[in-house]
Amino acid sequence: MGPNFSKAEFALIKRNLASQKGLATLADLLAVAGNSQRLKILYLLHAHHEMCVCDLAEVLELTDSAVSQHLRKLKDRNLVKTRRDGQTIFYSLVSNIFITNLQDMFGLDETQEQHAFALNERK
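Once you know that position 60 of the sequence shown is 55 in the numbering used here, the rest is easy, because the numbers rise by one and skip nothing.
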């Protein structure tokens, strides 16, 4: 079986794909957020609004240095922001469409967990 589109349709599809400049940026964001440790960091910042390196390191059972490296990558992609309080730097999520969509996905997991917890309570 051959292609389902005409040559003209393929040309239009290819032009449309080439005009989607945001795809490379989205791929970069997904690659950064797709690392399991960084995704956990994003989830923790979603759930607790802001945390410092030492708190994240404790929860994730990583060194402060390892957490700092992950946070640097997230900050470089404008996924997290910082707030200094004395010697301590707190990290939180930025407000952008990528983070909003990610928080929606985290919310789905939380709803499933709450539902499972409620079912276990009934037993």
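In this text, a Cβ means the ideal position worked out from N, Cα and C, and glycines have one as well. Note that the structure is a prediction, hence the values are computed from the model and not measured.
Residue state for L74 is assigned as coil, using DSSP reduced to three classes. Between V48 and I84 a beta carbon distance of about 7 angstroms is seen, short of the 8 angstroms cut, so the two are scored as contacting. The bridge partners DSSP lists for I94 come to none. Rounded to whole angstroms, the separation of the alpha carbons of F0 and R10 is 14 angstroms. For E56 and N96, the gap between their C-alpha atoms comes out near 27 angstroms.
Approximately 13 angstroms separates the beta-carbon atoms of E45 and S90; this is outside 8 angstroms, ruling out the contact. The Cβ atoms of L34 and A28 sit closer than 7 angstroms to each other. Distance from the CA of V75 to the CA of K16, rounded to the nearest whole angstrom, comes to 23 angstroms.
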